[in-house]
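S.K.:
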Amino acid sequence: MSSIPESYADVKARIAGAAQLAGRPADDVELVAVSKTWPAETVAELAGCGHDLFGENRVQEIEAKAPSLPSKLRWHFIGHLQKNKVRKVLPLVEAIHSIDSAELAQRTDGIARELGLYPKVYLQVNTAAESSKFGFTPDGLRAGLESLLALERLEIVGLMAIPPVARRPEDARPDFVALRELRDELADRSGTPLPGLSMGMSHDFEVAIAEGATVVRVGSSIFGRRPKPPRR
Ligand SMILES: *Cc1c(COP(=O)(O)O)cnc(C)c1O
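The following block contains the structure:
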């Protein structure tokens, strides 16, 4: 097994390569290192390589890890966010990738107002209409975008998707294309650019970059296979 610095260098090189093939500068694509389930020491090891952007899907994990780590680290929330966790998560993170319903958007807007914050958010789209996944349907977003954009405190930077787990990276391409095309359509209709596309994980991030990803969320390709979550 390769070390975290080696794996990180490899992922960074593959991101740069995929961006170059797509005719985009490498710094067009942000890397969120998904550190869920890994302890603070593991995050510190990657931070030691000069990386400062981490993704987590549980509020409690950010609360547990962040205090012992350099305060310059930036955290993105990437998992389903329960409404009763919004108040806790907002002061801890730079962005939320997973605003997956109008109710959650409204709630986040209201609490951001109370806290004096303007969070960056991505709207999560259930591109494959999987019943097991959270997110707006494309039609739901077409119908609801205007009222979402009217929420004063949310800086809606773009769209996010988690395509179904596929055997080959290529299998996810139609979902990445669908997300980009939906973004183009919504940007056009609303006159709001929506520049961000959060898509691509360990096994398909190069395909996602080819299709326009501006943020990839990569965990196991950097850190290795995740430890089993603790029993609760
Ligand atoms: C866990 C997770 C990732 C990272 O997955 P890997 O396959 O380990 O890269 C990315 N996005 C979300 C939403 C996740 O929950």
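Here the sequence shown stands for residues 1484 to 1715, numbered as in the numbering used here.
All C-beta atoms in this analysis are idealised placements derived from N, C-alpha and C, irrespective of residue type, glycine included.
1) Is it the case that the CB of glycine 1679 approaches a heavy atom of ligand 1 more closely than 8 Å?
2) With a CB to CB cut of under 8 Å and the five nearest residues on each side skipped, what residues in its chain are close to glycine 1538?
3) Exposed or buried, which one is serine 1490 when buried takes at least 16 other CB atoms within 10 Å?
4) Can you give the Cα-Cα distance for glycine 1623 and isoleucine 1639, rounded to whole angstroms?
5) Does the region 1567-1585 come close enough to the region 1595-1608 to have 3 or more Cβ pairs within less than 8 Å?
6) Can you list the beta strand (DSSP E) stretches of 3 or more residues lying completely in the region 1636-1691, in chain order?
7) Answer yes or no: the CB of isoleucine 1561 versus the heavy atoms of ligand 1, is any distance below 8 Å?
8) Around the Cβ of proline 1574, are there at least 16 other Cβ atoms within 10 angstroms (buried) or fewer (exposed)?
9) Does the contact criterion of 3 or more C-beta pairs under 8 Å hold for the region 1545-1556 versus the region 1590-1597?
10) So is proline 1646 buried or exposed if we call it buried at 16+ other beta carbons inside 10 Å?
11) Determine the DSSP secondary structure at arginine 1570, reduced to helix, strand or coil.
12) Hey, is serine 1685 close to ligand 1, as in C-beta under 8 Å from one of its heavy atoms?
13) Using alpha carbons as the reference points, say which of Gly1618, Leu1669 and Met1643 lies closest to phenylalanine 1659.
14) Is asparagine 1609 a contact residue of ligand 1, with contact defined as CB to any heavy atom under 8 Å?
15) Going by DSSP, which residues form a beta bridge with valine 1701?
16) Got a sec, what are the start and stop residues for the alpha helix (DSSP H) serine 1490 sits in?
17) Below 7 Å CB to CB, which residues in the same chain sit around serine 1685 once its five sequence neighbours on both sides are set aside?
18) To the nearest angstrom, how far is it from the Cα of valine 1569 to the Cα of glutamate 1694?
M.R.: According to the structure data:
1) On the sequence shown, residue 1679 is found 196 positions in, with the first residue counted as 1. No; taking the cut-off as 8 Å, the Cβ of glycine 1679 has no heavy atom of ligand 1 nearer than that.
2) For the purposes of this step, residue 1538 is taken as residue 55 along the sequence shown, with counting starting at 1. For glycine 1538, where only same-chain residues beyond five positions count, the Cβ hits under 8 Å are Val1515, Ala1516, Val1517, Ser1518, Lys1519, Trp1558, His1559, Phe1560, Ile1561, His1580, Arg1700 and Gly1702.
3) Looking up residue 1490 in the sequence shown gives position 7. Under this definition serine 1490 is a buried residue.
4) Residue 1623 sits at position 140 when you count from the first residue of the sequence shown. Residue 1639 sits at position 156 when you count from the first residue of the sequence shown. Whole-angstrom Cα-Cα distance: 16 Å.
5) yes
6) 1638-1643 and 1679-1681
7) Locating residue 1561 in the sequence shown gives position 78, where the first residue counts as 1. Indeed, a heavy atom of ligand 1 lies less than 8 Å from the Cβ.
8) Sequence index remark: in the sequence shown, residue 1574 carries index 91 (1-based). With fewer than 16 other Cβ atoms within 10 Å, it is exposed.
9) no
10) For this step, residue 1646 is matched to residue 163 along the sequence shown. Classification of proline 1646: buried, given that the 10 Å Cβ count is 16 or more.
11) Numbered from its first residue, the sequence shown carries residue 1570 at position 87. Helix at arginine 1570.
12) Translated into the one-based positions of the sequence shown, residue 1685 becomes position 202. Yes, since a heavy atom of ligand 1 falls inside the 8 Å radius drawn around the Cβ of serine 1685.
13) For this step, residue 1659 is matched to residue 176 along the sequence shown. The candidate whose alpha carbon is nearest that of phenylalanine 1659 is Met1643.
14) Looking up residue 1609 in the sequence shown gives position 126. It does not: the Cβ of asparagine 1609 is nowhere closer than 8 Å to a heavy atom of ligand 1.
15) As a working note, residue 1701 is residue 218 in the sequence shown. Beta-bridge annotation (DSSP): valine 1701 is paired with Ala1516.
16) In the sequence shown, counting from the first residue as 1, residue 1490 sits at position 7. Residues 1487-1504.
17) Translated into positions along the sequence shown, residue 1685 becomes position 202. Contacts found: Val1701, Gly1702, Ser1703 and Ser1704.
18) Numbered from 1 along the sequence shown, position 86 holds the residue referred to as residue 1569. Numbered from 1 along the sequence shown, position 211 holds the residue referred to as residue 1694. Distance between the alpha carbons of valine 1569 and glutamate 1694 is about 31 Å.
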